[in-house]
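Chemist: In the working numbering, the protein residues as written are 8 to 172. Below you will find the structure I want to go over with you.
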Amino acid sequence: MNDRSVGVEIEATAKWLEGRGIRGAAVLLRRVARQRDEAVQQLGMRPASPAYQTGAEHTAPRNLDAAVEAAMLRTDVARLQALAERAGWVSDADAKHLWRWRDGWWELGHRRKDTRDGYHDTGWYLWGPVGSYDGEWLDSHKGPAMAEAERLITKHLVATRGDGR
Numbered sequence: 008m009n010d011r012s013v014g015v016e017i018e019a020t021a022k023w024l025e026g027r028g029i030r031g032a033a034v035l036l037r038r039v040a041r042q043r044d045e046a047v048q049q050l051g052m053r054p055a056s057p058a059y060q061t062g063a064e065h066t067a068p069r070n071l072d073a074a075v076e077a078a079m080l081r082t083d084v085a086r087l088q089a090l091a092e093r094a095g096w097v098s099d100a101d102a103k104h105l106w107r108w109r110d111g112w113w114e115l116g117h118r119r120k121d122t123r124d125g126y127h128d129t130g131w132y133l134w135g136p137v138g139s140y141d142g143e144w145l146d147s148h149k150g151p152a153m154a155e156a157e158r159l160i161t162k163h164l165v166a167t168r169g170d171g172r
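The following block contains the structure:
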């Protein structure tokens with residue numbers, strides 16, 4: 008395994024995936040990020056061939072190839088995010104936890120009433136990315152809780168981005 012850094016956000020997501028037993032997706036995410044970084048790095052590099060040094064070769068073909076590769080990788084990452092978003096709520100190994108990607112990771116988890124832990128009612132609670140929801144009770148049943156979670160996520164995204172995609 009190549010130990011070059013892929014960035015804090017990608018590494019955190021990859022570790023999150025590994026922690027939930029989704030090692031293949033974590034490896035794929037790191038690989039695509041490294042390929043993207045290599046393509047971007049090539050855009051700023053000049054060929055080291057002797058022909059370039061004599062002025063017989065221009066950097067345009069190599070930079071164009073790198074730009075095309077970088078654009079394709081950005082498209083691949085966007086597709087991966089779109090597929091994850093379209094997948095909807097995905098069950099964790101624990102049947103009482105659901106995960107969802109929608110411009111960040113969201114968790115819908117079932118908790119039993121325990122006022123010492125802050126759970127005042129038995130039911131489904133929503134957690135989201137920083138600045139969103141942090142354990143808000145939604146409903147005692149899974150179906151209505153999922154519908155309410157989608158509504159709250161959309162409301163949060165509209166408020167933060169203005170479009171709700």
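From the three backbone atoms N, C-alpha and C, an ideal C-beta is built for every residue, glycine too. Here the structure is a predicted model, which means the values were calculated and not measured.
#1: Hey, out of Met79, Ala21, Asp44 and Arg109, whose CA is closest to Pro136's CA?
#2: As a quick exercise: from Gly111, Gly142, Met153 and Ala73, pick the residue whose alpha carbon is nearest that of Ala19.
#3: Quick check: the Cα distance between Arg38 and Glu143, rounded to an integer number of angstroms?
#4: Around the Cβ of Met153, are there at least 16 other Cβ atoms within 10 angstroms (buried) or fewer (exposed)?
#5: Going by DSSP in three states, His163 sits in which element: helix, strand or coil?
#6: Express the C-alpha separation of Leu105 and Leu164 in angstroms, rounding to a whole number.
#7: Mapping DSSP to helix, strand and coil, what is Asp44?
Modeler: The short version:
#1: What you label residue 136 is simply residue 129 of the sequence shown in a count that begins at 1. The residue with the shortest Cα to Cα distance from Pro136 is Arg109.
#2: Numbered from its first residue, the sequence shown carries residue 19 at position 12. Here the closest residue by C-alpha is Gly111.
#3: Counting from 1 along the sequence shown, the entry for residue 38 is found at position 31. Counting from 1 along the sequence shown, the entry for residue 143 is found at position 136. Put simply, the backbone Cα of Arg38 is about 35 Å away from that of Glu143.
#4: Start at 1 with the first residue of the sequence shown, and residue 153 comes out as number 146. Met153 is buried by the Cβ-count criterion.
#5: Here residue 163 refers to the residue found at position 156 of the sequence shown. Three-state DSSP puts His163 in a helix.
#6: Counted from its first residue, the sequence shown places residue 164 at position 157. Counted from its first residue, the sequence shown places residue 105 at position 98. If I take the Cα positions, the gap works out to 19 Å.
#7: As a position in the sequence shown, residue 44 is number 37, starting the count at 1. Judged by DSSP in its simplified three-state form, Asp44 adopts helix.
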